[in-house]
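Reading the sequence shown from the start, the letters are residues 259 to 397 in this note's numbering.
All C-beta atoms, glycine included, are put in the ideal place defined by N, C-alpha and C.
Because the structure is a prediction, the values reported are computed rather than measured.
Accompanying notes for the structure given below.
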Amino acid sequence: LQTTRGACQKFKRIPTAVVNFVECSRITRAKHRAQNSPFRHLLKPKVGGLGIALATMGEQFESMLDVTIVYPQGTPTFWELLSGRLDAVLVRVQPRDIPADLLGGDPVGDKAYRQRLTAWIEGLWAEKDALIERLLGGG
């Protein structure tokens, strides 16, 4: 979190884009099983880095882009990605407003703030999981 906080402070006055991978890892069956994820197609979200970014640079954010990437034939290996051995990749980008009460909070010291942030992200994750199910033809 300190690294994230430092980067956010550095870029606070410079036009930049913040990219946050809330799952923190590529999904595998083993990781999904080990986490006992409540989502069918996603790992549990981890909100620490996002919370620090919103706390440090929150007043600079109005919205975010929620990017969903789906591989209909299954998750490719890193080599398959690099070598272009994919038949299909589905990408959906959805603008999302960031709730005003999540901008500038304290994700480390304020338990109520962290709970609100977690609840918001978990709601987005439920929507994302349903979207992936539809894109895979299951709903």
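Inter-residue CB distance, LEU323 and PRO353 (contact presumed, cutoff 8 Å): In the sequence shown, counting from the first residue as 1, residue 323 sits at position 65. In the sequence shown, counting from the first residue as 1, residue 353 sits at position 95. Contact flag correct, Cβ pair sits at about 6 Å.
DSSP state of THR326 mapped onto helix, strand, coil: Working through the sequence shown from its first residue, we reach residue 326 at position 68. THR326 falls in the strand class under three-state DSSP.
Given LEU361 as reference, the closest of VAL325, SER321, ALA275 and LYS304 once Cα atoms are compared: Working through the sequence shown from its first residue, we reach residue 361 at position 103. With distances taken between Cα atoms, LEU361 lies closest to SER321.
Residue nearest to TYR329 in terms of C-alpha spacing, selected from ASP364, GLY363, LEU344 and THR274: Taking the sequence shown and counting its residues from 1, one reaches residue 329 at position 71. The shortest Cα separation from TYR329 among ASP364, GLY363, LEU344 and THR274 belongs to LEU344.
For LEU339, three-class secondary structure by DSSP: By one-based count along the sequence shown, residue 339 stands at place 81. Helix, per DSSP.
Where the beta strand (DSSP E) through ARG354 begins and ends: Here the question's residue 354 lines up with position 96 in the sequence shown. For ARG354, the uninterrupted beta strand (DSSP E) run begins and ends at 348-355, by DSSP.
Own chain residues within Cβ distance below 7 Å of LEU301, not counting five before or after: Counting from 1 along the sequence shown, the entry for residue 301 is found at position 43. Only GLU281, SER283, ILE285, LYS289, HIS290, GLN293 and SER295 meet the Cβ criterion.
Endpoints, the alpha helix (DSSP H) within which ALA403 is located: This structure leaves residue 403 out entirely; the chain is present only between 259 and 397.
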